[in-house]
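Report on the following structure.
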Amino acid sequence: MPITYNYFGAMAVIESSIKWIASGAMVIGGVVPYVPQYRAIKKSENSDGFSTYVCLVLLIANQLRIFFWFGRRFELPLLLQSIVMIFTMMAMLNLCVNVQSMHDLTSRRRAFIDFDHRYFWKWTRFSDYVQAVLMFTAIGGYVTYLFNDSVIYVETIGFLAVFTEAMLGLPQFYKNYENKSTVGMR
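Just so it is clear: in the sequence shown, position 48 is 48 by our numbering, and no numbers are missing.
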């Protein structure tokens, strides 16, 4: 019996495979630039060259994108990308806090619950960052629940997500300016 080759069936499999690969690349593509940074911080045990405000910007932008998704659905890989990026930024924060605590000789601890604006996003425990993210998620989720039917609200959230992510370079630029160096940044 001769082997028949179904050209259209094979093309459908190839097309489907390409879509899955592209979706997977989209989901993890945003994380890839932070892998060398994570490794460098872990190896050197020094996070001075990396601005944790980059994590703040990405956490806010990706949470806003998730809130936007509830008002106006977009592709699932982009939603998954936001979720993966949130976990990645939390991992980066955890590493930075652990590294900074190893070298911090002061006994003064700064906490989220202190509500001291001078030390915002400069807390000494990772749990404080988790609390801040959870509070933003709870408040943002509730407000999104209340105003999810408002086109103006949903579009504003979408704009703020894109605008916030577009400002991603500013915290690192400022950190480099303060340090007068790019040492420690990948």
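Glycine included, every Cβ here is placed at the ideal spot set by N, Cα and C.
Quantities reported herein were computed from a predicted structural model and do not represent experimental measurements.
Taking the C-alpha atoms as reference points, what is the distance between residue i and residue j?
i: Glu45; j: Leu105; result: 15 Å
i: Ala27; j: Leu79; result: Going by the sequence as given, residue 27 is Val instead of Ala. Their Cα atoms are separated by approximately 8 Å.
i: Ser16; j: Ala138; result: 37 Å
i: Ile18; j: Met102; result: 45 Å
i: Val162; j: Ala61; result: 7 Å
i: Asp128; j: Ile113; result: 8 Å
i: Phe173; j: Ser23; result: 31 Å
i: Asn98; j: Val13; result: 46 Å
Between which two residues does the alpha helix (DSSP H) carrying residue i extend?
i: Thr88; result: 76-103
i: Glu45; result: Segment: none, Glu45 is in no alpha helix (DSSP H) and carries neither H nor E.
i: Arg65; result: 52-71
i: Leu168; result: Premise fails: Leu168 is in no alpha helix (DSSP H) and is neither H nor E.
i: Thr144; result: 126-147
Taking residue i as the reference, give the member of the options with the closest Cα.
i: Val133; options: Val32, Ile21, Met11, Leu64; result: Leu64
i: Gln100; options: Gly24, Ser47, Phe136; result: Ser47
i: Phe147; options: Gly71, Val97, Arg118, Val31; result: Gly71
i: Phe136; options: Leu59, Val35, Ile21; result: Leu59
i: Ala111; options: Glu75, Val130, Phe173; result: Val130
i: Gly29; options: Tyr53, Met167, Met90, Ile83; result: Ile83
i: Glu75; options: Leu170, Trp20, Asn176, Met11; result: Trp20
i: Ala166; options: Val13, Val57, Lys43, Ala25; result: Val57
i: Lys180; options: Phe87, Thr88, Phe50; result: Phe50
i: Ala25; options: Gln81, Phe159, Arg118, Tyr119; result: Gln81
Kindly give me the distance between the Cβ atoms of residue i and residue j, rounded to whole angstroms, as I take these residues to be in contact under 8 Å.
i: Thr144; j: Ile152; result: Contact doesn't hold; Cβ gap of about 13 Å is too wide.
i: Thr95; j: Tyr53; result: Residue identity check: residue 95 is Leu in the sequence provided, not Thr. Actually they are not in contact, since the Cβ atoms of Leu95 and Tyr53 sit about 15 Å apart, beyond 8 Å.
i: Phe67; j: Gly141; result: 7 Å
i: Tyr34; j: Met92; result: 6 Å
i: Thr124; j: Arg109; result: 5 Å
Closer than 7 Å to a non-hydrogen atom of the ligand SAM - does that hold for the CB of residue i?
i: Val133; result: The ligand SAM is absent from the structure shown, which contains no ligands of any kind.
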